[in-house]
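Below is one structure, written out as structure tokens, with a few remarks after it.
Numbering (full-length UniProt numbering), first residue to last: 1 to 403.
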């Protein structure tokens with residue numbers, strides 16, 4: 001089957017901010033504080049075959065904020081713009097908005113939600129597709145204008161923390177039904193252990209950062225192995241990471257393999273088993289016990305970019321170096337971090353035993369790599385100071401349309 005090079009623009013957590021109109025040079029020189037300098041979220045944003053916004057379209061969940069964000073999305077130079085909500089987008093969560101216990105926000109203005117849904121409906125005219133909220137997530141296929149077929153899974157749900165929208169109690173878990181063969185998973189929050197470290201400023205106060213991702217999501221991603229998983233939510237964990245999955249790790253048991261949508265409650269009852277054959281020990285790890293440490297081969301994975309590598313994170317960090325400033329200037333000029341999926345995979349494979357990975361992939365019938373991208377735009381002090389991502393990857397050609 002032919003494959004088509006496809007460009008994907010990835011954004012998240014814009015929180016109602018409009019892109020800057022400053023020049024690339026002004027972005028990094030006009031700000032008195034380098035850590036909050038806007039570094040690429042500016043007009044015109046890069047052209048792409050498809051744009052993905054991973055949620056937190058608003059801050060205070062108002063129609064005006066949503067209108068601003070949709071104006072940006074509608075103006076993107078991409079035929080298709082796929083959008084999911086985040087925890088801040090409470091007015092799009094019907095159950096949350098209707099709460100009458102003092103935590104719902106419907107009392108503020110009962111027409112807010114109606115107006116928001118009308119804004120989303122109007123945005124369809126400019127190629128904006130809203131997935132999320134009242135059952136719109138899940139698996140979808142899109143025939144792109146460039147002739148490619150995009151298989152995508154979407155979900156806005158994150159573990160409960162405070163009183164926000166689209167959240168589930170961590171003790172209950174959530175069933176992320178990511179099907180095998182999906183190209184892209186877009187969620188609002190990260191999987192646990194990958195680009196999810198929250199509280200980089202805490203060491204300045206004698207405290208340690210903590211992991212804020214979802215373990216149920218990690219298990220689902222480890223099972224499905226999408227080529228790309230994009231999200232936001234944890235602003236200071238902005239970055240990109242190419243993970244290689246451990247070949248000995250499986251995320252389903254025989255029971256789960258009979259149903260690729262085995263729910264989280266059932267999966268939680270499965271156990272880890274270890275078998276030894278010919279002095280070789282193999283561990284099968286089930287959904288309830290999957291961690292980044294036992295599912296991802298850290299030695300064969302690579303960090304492509306992390307926020308703490310390119311700019312100061314706290315007042316304890318040294319000032320930005322000339323090399324950091326130059327790197328940000330280059331990215332600001334191209335209005336995002338560009339990643340070529342196939343090129344990064346090729347780099348990751350270098351140094352591995354010749355033929356080993358191809359053999360493992362053939363034996364498993366599973367992909368070996370997933371590119372994780374945290375594309376949160378809002379950064380320090382609630383400023384839109386972080387860059388979008390521009391990911392190029394090969395997608396299958398869409399089959400002929402049935403007439």
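Every residue, glycine too, gets a C-beta built ideally from N, C-alpha and C.
Going by DSSP, residue 188 is part of no alpha helix (DSSP H) at all; its letter is neither H nor E.
Where residue 140 is concerned, there is no enclosing alpha helix (DSSP H), although the beta strand (DSSP E) around it starts and stops at 138–143. A direct Cα-to-Cα measurement between residue 341 and residue 44 gives close to 24 Å. If you look at residue 367, you'll find it isn't in any alpha helix (DSSP H); DSSP assigns it neither H nor E. Per the C-alpha coordinates, the member of 199, 96, 82 and 97 positioned closest to residue 185 is 82. Note on geometry: alpha-carbon atoms of residue 65 and residue 246 lie some 42 Å from one another. For residue 303, DSSP records a beta bridge to 241.
Just so you know, the alpha carbons of residue 189 and residue 72 end up roughly 22 Å apart.
In this model, residue 191 and residue 387 are separated by some 21 Å (Cα to Cα). The bridge partners DSSP lists for residue 389 are 10 and 337. With 16 or more other CB atoms across the displayed protein chains lying within 10 angstroms of its CB, residue 63 is buried. Nearest neighbour of residue 312 by Cα position, chosen from 320, 178 and 55, turns out to be 320. With at least 16 other beta carbons inside 10 angstroms of its own, residue 368 counts as buried. Counted as a single uninterrupted DSSP element, the beta strand (DSSP E) harbouring residue 149 occupies residues 149–155. Per DSSP, the unbroken beta strand (DSSP E) holding residue 51 starts and ends at 50–53. A direct Cα-Cα distance of roughly 33 Å separates residue 54 from residue 352. Residue 396 is bridged by DSSP to 3. For residue 80, the enclosing beta strand (DSSP E) has its first and last residue at 80–83. With a beta-carbon spacing of about 18 Å, residue 292 and residue 236 fall beyond the 8 Å limit used to define contacts. Taking residue 217 as reference, the option from 50, 303 and 226 with the minimal CA-CA separation is 226. Residue pairing of residue 310 in beta bridges, as defined by DSSP: absent, with no partner found. Pairing residue 241 with residue 290 gives a Cβ-Cβ distance that is not under 8 Å. Secondary structure at residue 374: strand, using DSSP grouped into helix, strand and coil.
Taking 8 Å as the cut-off, the Cβ atoms of residue 51 and residue 18 do not count as close. Here residue 57 carries a coil assignment [DSSP, helix/strand/coil]. In the assembly as shown, residue 393 is a buried residue. Its beta-carbon has 16 or more other beta-carbons within 10 Å. In the structure shown, residue 158 adopts extended strand secondary structure according to DSSP, grouped into three states.
Comparing alpha carbon positions, the residue from 7, 69 and 40 closest to residue 49 is 7.
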